[in-house]
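As structure tokens, the structure follows; a few thoughts come after it.
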Amino acid sequence: MRNVTLTDIFQQPSAQKYLTRSGVVHAIATAYHALSLAKEYGVDPDLATKAALLHDIGHFTWYTNGQWDYSLYKENDIHAIKGAERAHELLIRLGEDPRKAKEIALAILLHTDSYLPEGQLELRPLQRVVALADEADEEPDGMHHYRSLDTSTALSRIKKLDRLVDAQYETENLKHSV
Numbered sequence: 001m002r003n004v005t006l007t008d009i010f011q012q013p014s015a016q017k018y019l020t021r022s023g024v025v026h027a028i029a030t031a032y033h034a035l036s037l038a039k040e041y042g043v044d045p046d047l048a049t050k051a052a053l054l055h056d057i058g059h060f061t062w063y064t065n066g067q068w069d070y071s072l073y074k075e076n077d078i079h080a081i082k083g084a085e086r087a088h089e090l091l092i093r094l095g096e097d098p099r100k101a102k103e104i105a106l107a108i109l110l111h112t113d114s115y116l117p118e119g120q121l122e123l124r125p126l127q128r129v130v131a132l133a134d135e136a137d138e139e140p141d142g143m144h145h146y147r148s149l150d151t152s153t154a155l156s157r158i159k160k161l162d163r164l165v166d167a168q169y170e171t172e173n174l175k176h177s178v
């Protein structure tokens, strides 16, 4: 049973603010990729889609002379750290199970290594799914953050994703009851 849906998250004003800043289309696309990858990696689809939807909510806009400065972003950004904290707080306020909120926040924290010193991280399956889902939707120079979509269409896609997650749970429950 899911305490909080993707729709619940998406309809929160703070989520709207940060998802709009980081790119709603990218967030939704990443969540769809995560749903597909969740089965392959044996990961809870609810956790995967929530972490993927929220993975970039820590973004700050980096501009030089009124223009997006990708190099400045790459050099100074710590969006995964800020995003993990924002997501955790949002999920707890919405009533998410604290253990699940922590797992989602950790997946957001580790979805990129852009802010870490050189080296390899050993990612757990949920963390790997979110990182791979993010990579699957990336475009050069961060342009995946600038695709646009009206709010009603975005909400419709989120609701469809909720139904797909619910359907996976129902399928799993049927397998276990046979």
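For the sequence shown, UniProt numbering assigns the number 1 to the initial residue and increments by one for each residue that follows. All C-beta atoms in this analysis are idealised placements derived from N, C-alpha and C, irrespective of residue type, glycine included. These numbers come from a predicted model, not from an experiment.
- The beta-bridge partner set that DSSP reports for Q67 consists of T64.
- Residue state for M143 is assigned as helix, using DSSP reduced to three classes.
- DSSP, reduced to helix, strand and coil, places I104 within a helical segment of the structure shown.
- Within the same chain, Cβ atoms closer than 8 Å to the Cβ of H26 are found at D56, D137, H144, H145 and R147, the five residues on either side in sequence being excluded.
- Nearest to E103 by C-alpha distance, out of D113, A48 and T112, is A48.
- R99 sits in a helix when the DSSP states are folded into three classes.
- DSSP places E75 within a helical segment (H, G or I) once states are collapsed to three.
- The Cβ-Cβ distance between A105 and H88 falls below 8 Å.
- When only Cα atoms are considered, P125 and S36 end up about 13 Å apart.
- Separation of T5 and Y70 (C-alpha to C-alpha, rounded to the nearest whole angstrom) is 33 Å.
- A38 is positioned such that its CB atom lies no closer than 8 Å to that of L53.
- Between T112 and A84, the CB-CB gap reaches or exceeds 8 Å.
- When the alpha-carbon of A80 is set against those of H59, Y73 and R93, the nearest one is in H59.
- Judged by beta-carbon spacing, V165 lies beyond the 8 Å limit of A34, meaning their Cβ atoms are not closer than that value.
- Its Cα nearest to that of A101, the residue A51 stands out among A51, D141, D162 and K159.
- Using a 10 angstroms sphere on the CB of P45, the tally of other CB atoms reaches 16 or more, which defines it as buried.
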